[in-house]
Each structure stands twice: as structure tokens, then as C-alpha cells.
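Enquirer:
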Amino acid sequence: MPETITPEATAAQAAAFVCPAPLAQRGQIVLGHGSGGRLSAELLRDVFLPLFSNPVLDRMDDQAVVDIGGARVAFTTDSFVVHPLFFPGGDIGSLAVHGTINDLAMGGARPLFLSAGFILEEGFSTEALRLIASSMADAAAAAGVSIVTGDTKVVERGKGDGLYLNTTGIGIVPDGVRLSSSQAKPGDRVILSGAIGDHGIAILAKREGLEFETEILSDSAPLHNLVAAMLAASSGTDAIRCLRDPTRGGVSSALNEIAAQSGVSIQIDETCILVRDEVKGACELLGLDPLYVANEGKLLAIVAPEAAHEILAAMQRDPRGAEAAIIGTVGDQSAGLVTMKTAFGSTRIVDMLAGEQLPRIC
Amino acid sequence: MKYVDEYRDPKIAQAVASEIVRKVTRPWVLMEVCGGQTHTLMRYGIDELLPREIELVHGPGCPVCVTALEIVDRAIRIASLPGVIFTSYGDMLRVPGSRSDLFQAKANGADVRVVYSPLDAVKLARENPARKVVFFGVGFETTAPANAMAVWQARRQGLTNFSMLVSHVLVPPAMRLILNSPSNRVQGFIAPGHVCTVMGYREYEALVSEFRVPMVVGGFEPLDLLEAISMLVSQLEEGRAEVENQYARSVNPEGNLPAQNILREVFEVSDRQWRGIGPIAESGYRLRDEFADFDAERIFGVEDCHAEEPKECISALVLQGLKKPLDCPAFGARCTPMTPLGAPMVSAEGACAAYYQYRRHATHA
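Order-wise, the sequence lines are chains A and B.
Residue numbering for the first sequence follows the numbering used here, beginning at 1 and increasing consecutively.
Residue numbering for the second sequence follows the numbering used here, beginning at 363 and increasing consecutively.
What follows is the structure in C-alpha cells.
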């Protein structure tokens with residue numbers, strides 16, 4: 001039998017071998033603050049929410065829903081700083097249109113109008129700008145929304161990364177539709193609309209010059225028609241509790257936010273989550289977990305158990321939801337806890353991303 | 363996915379786990395040496411499949427975790443110098459030094475870039491002749507050959523603006539330290555498969571005959587680890603102590619000879635400071651004198667930068683397998699991946715971070 005460690009021995013060891021002190025609170029913005037994970041949440045909690053607090057904002061959904069003259073208007077904004085500007089499956093222009101449409105759609109809204117704000121760096125190619133604008137126009141037309149206002153600023157060379165793009169959107173929420181991340185209830189089912197990780201890996205592969213046998217395409221796509229089909233399938237009920245598009249921070253961050261805001265636990269099943277082979281391969285290679293990788297054309301739905309199959313069937317009839325599946329259940333264990341049943345039958349925590357997801361050393 | 367899914371088959375895993383249950387008659391303490399193995403064990407919950415008699419303790423094989431505090435401080439100092447492009451594998455950026463980390467240095471204006479290969483850093487040097495490009499050469503024997511090759515290539519290409527901050531560590535001296543410790547509990551080792559891919563396993567045979575402790579060279583997929591554990595249990599139950607190779611699809615006894623040649627040409631064995639453990643004699647690599655022109659510590663004059671590791675966490679005990687992360691009072695409270703007290707909480711491969719990420723609820727249960 002191994003000998004037991006005495007407290008004296010432990011203390012002696014601890015005294016002999018020492019270890020580092022924590023970093024002081026960060027006084028500066030680091031890249032992790034934009035990762036959509038825990039640092040982003042801290043920034044909201046510590047800086048923005050105390051100053052801007054109001055009932056609409058405090059709901060912390062992807063979009064604000066406000067009553068204006070009897071209409072329920074969904075309102076959202078998003079900035080795009082993606083690099084490279086053109087990537088397999090899309091570009092910053094179409095992404096900016098889809099991203100804002102999706103933020104509106106996650107509130108159940110029918111997207112109507114977008115704005116476009118361009119921040120251009122001196123020296124940026126007008127041809128590239130034309131391509132991006134044309135891609136925006138195509139994406140907006142295909143989605144049935146109009147870009148009705150905009151703004152252009154130019155910054156000195158070296159003070160921007162070519163082009164940054166902001167889009168703001170408004171839409172109308174149909175009567176009776178009230179979706180919010182705070183409405184998940186124990187027993188509810190978690191539906192994921194398709195394979196995860198495509199967008200993040202497509203960007204990373206392009207950025208880092210990684211080549212795979214099959215090109216990985218971004219999943220960037222508008223989801224409002226899929227959402228409309230889901231709402232139609234559950235019309236007149238509150239069966240759809242909340243919708244989230246798992247963009248930055250991936251599925252794990254979106255589920256952690258829902259669990260925290262609803263005060264519930266969520267358990268997902270690893271074997272139900274679809275990850276394409278090429279994405280899985282890239283994640284293996286880079287030491288990334290697909291649960292933390294960004295998507296731009298997928299949604300997570302928390303739905304009432306009795307309506308889950310009907311909503312799922314409606315999703316599967318839509319091209320954007322053909323691969324949708326029920327991936328988990330809402331529970332009443334520790335509030336905010338997200339766990340995953342692995343293929344091995346064991347259970348592990350699915351935590352929120354601490355900072356940037358970093359490629360591992362080996 | 364080919365070559366991966368075969369090693370993650372839950373049915374076979376259950377079968378191997380049942381075989382272990384059948385074989386085991388008494389408690390055994392096993393250590394997986396490599397951080398990548400720790401990560402797999404936690405991610406797939408392998409320990410939950412094992413009988414109560416098997417206790418897994420997690421070894422010092424996370425290169426990010428054991429890189430000395432003063433080396434991180436030196437990295438930050440070099441990265442912060444004007445004209446420097448400091449390149450590193452991604453997960454070194456979050457490792458706290460005495461007061462800061464490379465992310466903070468980047469936020470302060472340092473040009474810190476993540477690369478996926480040291481050869482990318484060499485390319486960067488060629489493309490930026492007016493800048494000094496430094497690569498952070500950390501890791502075990504696994505990453506050392508590519509780093510040696512980068513220095514060798516830089517010399518061959520006549521680059522004068524490329525250098526490497528070298529802090530390589532070696533596995534066998536750390537295992538020897540654990541085996542020599544009077545409070546050692548480890549009765550069998552899963553030896554690190556990728557290190558052995560490079561170095562072979564002759565060095566481990568020497569340890570086995572000296573300490574009469576069984577070792578199995580193991581891979582990194584769930585079935586690799588279960589099979590390695592099963593082989594170790596067989597050895598222990600039968601009273602054998604030898605080196606067996608579970609990871610034969612990658613490891614041969616002599617290792618990768620061309621890789622060893624480039625290592626010998628560029629590096630020499632030296633003493634190294636291990637974070638959380640202390641100095642270990644002849645436990646690392648440094649650049650040979652012939653390659654001194656590529657030695658970032660010498661070029662930037664940071665050899666005098668020393669750091670005192672403050673007394674706080676129990677990472678030394680964790681890294682030697684004497685304590686589990688959950689035994690630490692700071693775990694999950696004062697020490698999290700956001701505010702790591704100790705290095706094992708920093709990297710995904712660190713034992714504490716792996717526990718935090720996948721097993722924290724054990725503390726709430």
C-alpha cells in the first residue's frame with residue numbers, strides 16, 4: 001500500500017515547492033473581452049450594465065423588444081471585425097446582414113430594415129468595398145430586408161484593419177410571441193438546428209492557411225424563415241421558450257447564458273451533436289473543442305417537451321434545419337450548470353469559455 | 363472520422379473497463395505523465411469507468427504548466443521591446459508571469475503573435491528583415507525537434523533576426539524525481555506516447571529496472587488510455603515491472619532517429635527550473651554554443667531576470683501526484699482559469715484546469 005501523506009509532509013512539500021500568485025484584476029481590454037465568453041460577460045456586468053441598466057436591457061437577450069405605438073419592435077446591433085474579409089462560404093458583407101437578421105429572428109421577429117455603418121481604413125481597395133457592398137445587397141434581397149440607412153467613416157492608415165462593419169436592424173415581433181433566455185423550464189428540450197463549428201473553422205483555416213481535403217465553408221445564413229416555420233408549428237402556445245444563435249463562444253456559451261438567465265441546469269448528449277468530419281479533424285489538429293467554435297447559421301431552441309417533436313419536424317422541413325436534432329434537456333440541478341453526457345456514458349461540465357480559445361501546444 | 367473514431371468506441375471502452383474490473387484485486391495508484399492524457403481522461407470521464415481500486419493521479423507533463431515563472435517573465439520582457447515580433451503557441455499567452463502575461467503585454471502594445479509552427483516564425487523573420495522575430499520554444503521532447511529544426515533552418519538561411527527563447531524540459535528526470543520522493547505513491551506509469559514517439563523508450567527501461575515500477579507507453583485517445591491502464595493492472599497484479607508499448611502505431615523502441623539527430627545537433631542537456639516543482643538537474647535542453655547567435659536570452663540580455671515563486675497553491679503536490687486538484691482549498695474559488703493561482707490551472711492540459719472544466723460539480727455534489 002502506498003504510504004499516507006501526513007499534514008507535516010504536505011506542509012513541508014508545500015514550503016519547499018512554491019507556485020505563482022494570481023494576476024491582479026485587468027486594467028485593460030484584452031482580446032478575450034471580445035470572445036463572447038466569461039470575460040465578455042464580466043465586461044457587461046462590470047462596465048455597461050450598471051451604467052445603462054433598464055428593464056429592456058436587463059433581459060440580456062440578443063435583441064431588445066420594445067413597444068412602439070402598439071407594435072412590438074425588435075431592435076439589435078452588431079459589429080463585424082472578421083479577418084479575413086472574404087472567406088469560404090461568405091464575406092464580411094453577407095455575414096453582417098445574416099448576423100443582424102439572426103439576432104432579430106432569435107427574438108421571434110420578422111426582420112424588416114437594416115442600417116449599415118462602414119469604418120474604412122485609408123488605402124482600402126474600392127473594388128473590395130464594392131464586392132462587399134454587393135454581397136450585402138444580395139444577402140438583404142434574398143432575405144427580404146432592406147438596407148435603409150447608413151454611414152461611412154474613414155480612419156487613417158494603420159488605425160483600422162481595412163474595413164469594419166456595423167449593422168443595426170429592426171423587425172416586428174408577431175402578437176403572442178415572447179421569447180427570452182430567462183424562460184427555460186425544467187423538463188424543456190434543447191434543439192440544435194444542425195452541424196456546429198463550420199464558421200469558426202472556415203475562418204481559422206483561411207486565416208492560418210490551413211488546407212484540408214474538403215474545403216470547410218462558413219455556415220453563414222439567415223435563419224428568420226426557419227424561425228417563422230417553428231413559430232407556425234407552435235402557434236398560439238408558449239412552447240418555444242427561447243432561441244439563441246450560438247455565434248462567438250459557440251454552443252457552450254449560449255447554453256451557459258440560458259442556464260444562468262433562467263436559473264436552470266442543462267444537460268446535453270454528446271452523441272446527438274452533429275460535427276462534420278472535416279470540422280472535427282480541424283479541431284483535433286488545433287486542439288479546439290467544437291462546442292466553443294462560432295456558428296453563423298445555426299440556432300439553439302429551448303422548447304416545451306410536449307411540442308418538441310412537432311417543432312423539430314417543422315425545422316427539418318426547412319433547408320436551414322434539415323439536420324436539426326434534440327440534443328438535451330433542461331433540469332433543475334445547480335442553476336447555471338451545463339453538463340454533457342459523453343459517448344462513454346460519463347458526465348462532464350461544459351463551461352463557458354474563459355478567454356480566447358487558444359490552439360494548444362501539443 | 364478515420365483513425366480517431368476507432369479509438370473512441372464506447373462499446374469497446376466498456377469491454378476494456380470490464381476487463382480491468384475482472385483483473386483488479388486491490389488498490390493501485392497510477393500516474394499518466396502527459397497533460398494531453400490528463401485532458402482525455404477528464405474529457406471522456408475515463409476515471410468514472412474504472413473500478414474504485416484504481417486511482418489515477420496526474421503527472422507533471424503539461425509543458426505550459428511547468429515552464430518556470432522567470433521564463434514567462436523573460437518572454438514578456440523580450441516581447442515588450444521595440445522592434446520585436448514575439449511568436450508563441452497560443453496557450454502560452456495566458457500563462458501568468460510574476461505580474462503580467464503575454465496577453466497583457468499585447469494589450470500594452472507588444473507585437474505578440476500566435477503561430478502554429480516554429481517554422482512559421484522563421485518565415486516571419488525572413489519576411490520582416492527589419493524586425494527581430496523571437497519564438498517561445500517551450501515543451502517536452504515532443505516539440506523540441508521542430509524547434510531545433512527552426513533554429514537549424516534559420517542558420518542555414520543566414521537569418522540574423524531570428525532567435526528562440528528556449529525552455530525545453532525532459533520527462534525522465536521528472537519521473538525520477540517523483541520516484542525518488544519519500545512520499546511517492548505512484549505504483550505504475552502511463553508513459554507519454556508522443557515523447558516516446560520522438561525519443562523511443564530505452565530511457566524508461568532504465569527507470570523501470572532501477573525502481574521496479576511498471577510502465578506502459580500510452581496514446582491519447584480514450585481506448586489508448588483504457589488499454590494502457592489494463593496493461594498496467596496486469597503487470598501490477600502479476601508482480602511484473604517492465605516497459606510495454608500500448609501506442610505501437612506511433613512508438614518504436616528507438617524512437618525517431620532523424621529527430622534525435624537534429625536535437626543533438628542544436629540542443630544540449632541542461633539544468634532547468636520547473637514551475638511548481640523547483641530546479642531539476644539535467645532536466646531540459648538549451649541551445650548549444652554553436653547556436654548562441656539564436657539564443658534570445660543572450661541576445662536580449664534577460665538572463666539576469668529571476669522570479670521568486672510566491673507561496674500560495676499546492677501545484678507542486680498536484681504535479682507530483684501527491685494531491686488531487688479537488689484537495690486544494692483554493693480550487694474553483696480563489697483559483698479558476700480566469701484567475702489561476704498556479705500553472706496547472708492555466709493550460710487546458712493542466713490537471714487543475716481539466717478538473718475545473720470537466721469535473722467541478724464533484725465539489726458541489
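Ideal Cβ positions, reconstructed from N, Cα and C, are used throughout, including at glycine.
Source: prediction; values computed, not measured.
So, at 7 Å on beta carbons, what are the nonlocal neighbours of G751 of chain B in its own chain, with the 5 sequence-adjacent residues on each side left out?
Expert: The requested residue 751 of chain B is not part of the displayed model; chain B covers only 363 to 727.
Enquirer: Return the bridge partner residues of G581 of chain B from the DSSP annotation.
Expert: Your numbering for residue 581 of chain B matches position 219 in the second sequence. G581 of chain B is not bridged to any residue.
Enquirer: Using a Cβ-Cβ cut-off of less than 8 Å, give me the residues of the segment 266–290 of chain A that come near chain B, in sequence order.
Expert: For the segment 266–290 of chain A, residues whose beta-carbon sits nearer than 8 Å to a beta-carbon of chain B comprise D277, K280, G281, E284, L286, G287.
Enquirer: Using 8 Å as the cut-off, can you tell me whether the segment 491–500 of chain B makes contact with the segment 550–565 of chain B, which would need three or more C-beta pairs spanning the two stretches below that distance?
Expert: no
Enquirer: Give me the Cα-Cα distance between V628 of chain B and Y478 of chain B, rounded to the nearest whole angstrom.
Expert: Taking the second sequence and counting its residues from 1, the one referred to as residue 628 of chain B is at position 266. Taking the second sequence and counting its residues from 1, the one referred to as residue 478 of chain B is at position 116. Cα to Cα, the separation comes out at about 21 Å.
Enquirer: Scan the segment 582–617 of chain B and note each continuous alpha helix (DSSP H) run of 4 residues or more that stays entirely inside, going in chain order.
Expert: For the segment 582–617 of chain B, whole alpha helix (DSSP H) runs of length 4 or above, ordered along the chain, are 584–600.
Enquirer: Around the Cβ of S525 of chain B, are there at least 16 other Cβ atoms within 10 angstroms (buried) or fewer (exposed)?
Expert: Start at 1 with the first residue of the second sequence, and residue 525 of chain B comes out as number 163. S525 of chain B comes out buried.
Enquirer: Excluding the 5 residues flanking R456 of chain B on each side, which residues of the same chain have their C-beta closer than 7 Å to its C-beta?
Expert: Position 94 of the second sequence, counted from the start, is the residue given in the question as residue 456 of chain B. Correct list, in chain order: D463, F465, V708.
Enquirer: Can you pull the chain C residues whose beta carbon is under 9 Å from the beta carbon of Q597 of chain B, in chain order?
Expert: Looking for chain C here will not work: the only protein chains present are A and B.
Enquirer: Check whether the segment 132–147 of chain A touches the segment 199–211 of chain A, taking contact to mean three or more Cβ pairs, one atom from each stretch, closer than 8 Å.
Expert: no
Enquirer: Can you list the residues of chain A that P584 of chain B reaches, using a CB-CB cut of under 8 Å?
Expert: On the second sequence, position 222 is the one that residue 584 of chain B refers to. Neighbours of P584 of chain B on chain A, chain order: F344.
Enquirer: Between the Cα of K364 of chain B and those of A:E278, A:I349, A:G249, spot the shortest distance and give me the residue it belongs to.
Expert: Indexing the second sequence from 1 puts residue 364 of chain B at position 2. Minimum Cα distance to K364 of chain B is reached at A:E278.
Enquirer: Could you check how far apart the C-beta atoms of L231 of chain A and V338 of chain A are, in whole angstroms? I think they sit under 8 Å.
Expert: Sequence index remark: in the first sequence, residue 231 of chain A carries index 231 (1-based). Sequence index remark: in the first sequence, residue 338 of chain A carries index 338 (1-based). At roughly 26 Å, the Cβ-Cβ gap does not stay under 8 Å, so L231 of chain A and V338 of chain A are not in contact.
Enquirer: Taking 8 Å as the CB-CB cut-off, is L411 of chain B touching chain A?
Expert: Locating residue 411 of chain B in the second sequence gives position 49, counting from the first residue. Chain A contact via Cβ: present.
Enquirer: My understanding is that H98 of chain A touches E296 of chain A, with C-beta atoms under 8 Å, so please give their C-beta distance in whole angstroms.
Expert: As a position in the first sequence, residue 98 of chain A is number 98, starting the count at 1. As a position in the first sequence, residue 296 of chain A is number 296, starting the count at 1. Contact flag correct, Cβ pair sits at about 6 Å.
Enquirer: For the segment 230–246 of chain A and the segment 145–161 of chain A, state whether three or more C-beta atom pairs, one from each stretch, are separated by less than 8 Å.
Expert: No contact exists between the segment 230–246 of chain A and the segment 145–161 of chain A.
Enquirer: Using a Cβ-Cβ distance cut-off of 8 Å, determine whether A407 of chain B contacts chain A.
Expert: Position 45 of the second sequence, counting from 1, holds the residue named residue 407 of chain B. A small correction: the amino acid at residue 407 of chain B is Gly; Ala does not occupy that position in the sequence shown. True, the Cβ-Cβ gap to chain A drops below 8 Å.
Enquirer: Would you mind reading off the limits of the beta strand (DSSP E) that contains F52 of chain A?
Expert: Residue 52 of chain A sits at position 52 when you count from the first residue of the first sequence. No beta strand (DSSP E) holds F52 of chain A; the alpha helix (DSSP H) holding it covers 49–52.
Enquirer: Compute the Euclidean distance between the alpha carbons of V378 of chain B and R602 of chain B, then round it to the nearest angstrom.
Expert: The residue labelled residue 378 of chain B in the question sits at position 16 within the second sequence. The residue labelled residue 602 of chain B in the question sits at position 240 within the second sequence. Between V378 of chain B and R602 of chain B, the C-alpha separation is close to 20 Å.
Enquirer: In three-state DSSP terms, what is A375 of chain B?
Expert: The residue you call residue 375 of chain B lines up with position 13 of the second sequence. Looking at A375 of chain B - three-state DSSP - the assignment turns out to be helix.
Enquirer: Consider the Cβ of G32 of chain A: report whether some Cβ of chain B lies at a distance smaller than 8 Å.
Expert: Residue numbering aside, residue 32 of chain A sits at position 32 when the first sequence is read from its first letter. Taking Cβ atoms only, chain B reaches closer than 8 Å to G32 of chain A, which makes this a yes.
Enquirer: Could you tell me whether any non-hydrogen atom of the ligand MG is closer than 7 Å to the CB of E583 of chain B?
Expert: Ligands are entirely absent from the displayed structure, and the ligand MG is therefore not among its contents.
Enquirer: Check for me: the alpha helix (DSSP H) holding F38 of chain A runs from which residue to which?
Expert: Counting from 1 along the first sequence, the entry for residue 38 of chain A is found at position 38. Checking the sequence, you will find Arg at residue 38 of chain A rather than Phe. That run of the alpha helix (DSSP H) goes 38–43.
Enquirer: Counting along the chain, where does the beta strand (DSSP E) carrying M526 of chain B start and finish?
Expert: For the purposes of this step, residue 526 of chain B is taken as residue 164 along the second sequence, with counting starting at 1. First-last of the beta strand (DSSP E) with M526 of chain B: 524–531.
Enquirer: DSSP three-state label for E121 of chain A, please.
Expert: In the first sequence, residue 121 of chain A corresponds to position 121, counting from 1. In the structure shown, E121 of chain A sits in a strand (DSSP, three-state: E or B).
Enquirer: Is DSSP giving Y451 of chain B helix, strand or coil here?
Expert: In the second sequence, the residue the question calls residue 451 of chain B occupies position 89. Correct three-state label for Y451 of chain B: coil.
Enquirer: Can you tell me whether I266 of chain A is helix, strand or coil according to DSSP?
Expert: Counting from one through the first sequence, the residue named residue 266 of chain A turns up at place 266. In the structure shown, I266 of chain A sits in a strand (DSSP, three-state: E or B).
Enquirer: Roughly how many whole angstroms lie between the Cα atoms of V81 of chain A and E606 of chain B?
Expert: Numbered from its first residue, the first sequence carries residue 81 of chain A at position 81. Numbered from its first residue, the second sequence carries residue 606 of chain B at position 244. Going by the C-alpha atoms only, they are around 51 Å apart.
Enquirer: Tell me, which residues are paired with C697 of chain B by DSSP?
Expert: Position 335 of the second sequence holds residue 697 of chain B. Its beta-bridge partners are B:F693.
Enquirer: Look up A74 of chain A in the DSSP assignment and give the residues it is bridged to.
Expert: The count along the first sequence starts at 1 and reaches residue 74 of chain A at position 74. BP columns for A74 of chain A point to A:V65, A:G171.
Enquirer: Checking the sheet assignment: what are the DSSP bridge partners for T390 of chain B?
Expert: Here the question's residue 390 of chain B lines up with position 28 in the second sequence. Looking at the sequence shown, residue 390 of chain B is not Thr but Trp. The beta-bridge partner set that DSSP reports for W390 of chain B consists of B:I416.
Enquirer: Under 8 Å between C-beta atoms, does T149 of chain A make it to chain B?
Expert: Counting from one through the first sequence, the residue named residue 149 of chain A turns up at place 149. Interface residue (Cβ-Cβ distance to chain B less than 8 Å): T149 of chain A is not classified as such.
Enquirer: Since D198 of chain A meets chain B, which of its residues come closer than 9 Å, beta carbon to beta carbon?
Expert: Within the first sequence, numbered from 1, the residue matching residue 198 of chain A stands at position 198. Within 9 Å Cβ-Cβ: nothing; D198 of chain A doesn't reach chain B, min ~15 Å.
Enquirer: Skipping 5 residues on each side, what residues in its chain have a beta carbon closer than 6 Å to that of F212 of chain A?
Expert: Along the first sequence, one-based indexing puts residue 212 of chain A at 212. Here the set comprises E278.
Enquirer: Return the bridge partner residues of C242 of chain A from the DSSP annotation.
Expert: The residue you call residue 242 of chain A lines up with position 242 of the first sequence. C242 of chain A is bridged by DSSP to A:I302.
Enquirer: Specify whether the segment 656–663 of chain B and the segment 382–396 of chain B touch according to this definition: at least 3 beta carbon pairs, one from each stretch, less than 8 Å apart.
Expert: no
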